[in-house]
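Read the structure below first, then the notes.
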Amino acid sequence: MERLSDSSFDEPTKKTAMNFYKTIFRTEFQGPGFVRFGSMPASEGMPTMSDEQKNMILHVELPVLGGHILMATDVPDGMGMKVTPGNNIHINLEPDSREETQRLFDALSEGGNVTMPLQDMFWGAFYGSCTDRYGINWMVNFDMAK
Numbered sequence: 448m449e450r451l452s453d454s455s456f457d458e459p460t461k462k463t464a465m466n467f468y469k470t471i472f473r474t475e476f477q478g479p480g481f482v483r484f485g486s487m488p489a490s491e492g493m494p495t496m497s498d499e500q501k502n503m504i505l506h507v508e509l510p511v512l513g514g515h516i517l518m519a520t521d522v523p524d525g526m527g528m529k530v531t532p533g534n535n536i537h538i539n540l541e542p543d544s545r546e547e548t549q550r551l552f553d554a555l556s557e558g559g560n561v562t563m564p565l566q567d568m569f570w571g572a573f574y575g576s577c578t579d580r581y582g583i584n585w586m587v588n589f590d591m592a593k
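As numbered in our numbering, residues 448 to 593 make up the sequence shown, in order.
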């Protein structure tokens with residue numbers, strides 16, 4: 448099933464904020480809950496992470512209202528992104544096919560900036576991110592297990 452969610456990128460306070468939202472919306476985290484950067488397999492060219500960075504949040508999902516999913520991640524130093532108001536929210540699209548994922552990504556990134564090219568990822572998805580020509584941040588994620 449296709450899904451629309453947003454993802455916020457923040458300073459290392461995301462766990463407190465997401466637990467706050469969990470209480471407000473009276474809901475539970477989806478999947479494994481807080482996934483840490485330390486669980487991510489090492490990849491070539493990636494800087495070595497400190498223990499503090501390994502403990503930071505890589506991913507968490509919280510259903511809120513009407514099927515909307517609030518997702519979040521911390522932004523460790525050295526990951527190439529400085530969080531400022533305006534770049535801390537990304538719209539996440541989860542199409543039903545690889546082809547639709549490619550189409551949406553190509554259309555959204557045309558005239559904009561590709562921040563991560565579409566590629567098969569370690570979590571089992573075909574994923575990419577971009578900023579469109581209007582400055583809106585997008586993540587496009589096709590779950591290949593579907």
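In this text, a Cβ means the ideal position worked out from N, Cα and C, and glycines have one as well.
Source: prediction; values computed, not measured.
Which same chain residues, not among the five before or five after residue i, have their C-beta less than 6 Å away from its C-beta?
i, result
"S556", "C577"
"A575", "Residue identity differs from the one stated: residue 575 is Gly in this sequence, not Ala. Hits under 6 Å: F552, M563, P564, L565 and V587."
Where residue i and residue j are concerned, what is the direct C-alpha to C-alpha distance, given to the nearest angstrom?
i, j, result
"G558", "M518", "27 Å"
"F467", "P523", "21 Å"
"M465", "F481", "10 Å"
"P494", "L565", "21 Å"
"F569", "T562", "18 Å"
"P488", "M496", "11 Å"
"M586", "N539", "5 Å"
"Y581", "N560", "10 Å"
"H515", "D498", "33 Å"
Does the distance from the C-beta atom of residue i to that of residue j stay below 7 Å?
i, j, result
"R473", "N502", "no"
"D590", "A572", "yes"
"H537", "T520", "no"
Quick one: residues in its chain with C-beta nearer than 8 Å to the C-beta of residue i, no 5 flanking neighbours on either side, listed in chain order?
i, result
"K469", "E475, F476 and L509"
Under a three-way DSSP split, which group does residue i fall into?
i, result
"R545", "helix"
"I471", "helix"
"T578", "strand"
Excluding sequence positions up to five away, which residues of its chain have a Cβ less than 7 Å from the Cβ of residue i?
i, result
"L551", "L540, P542 and V587"
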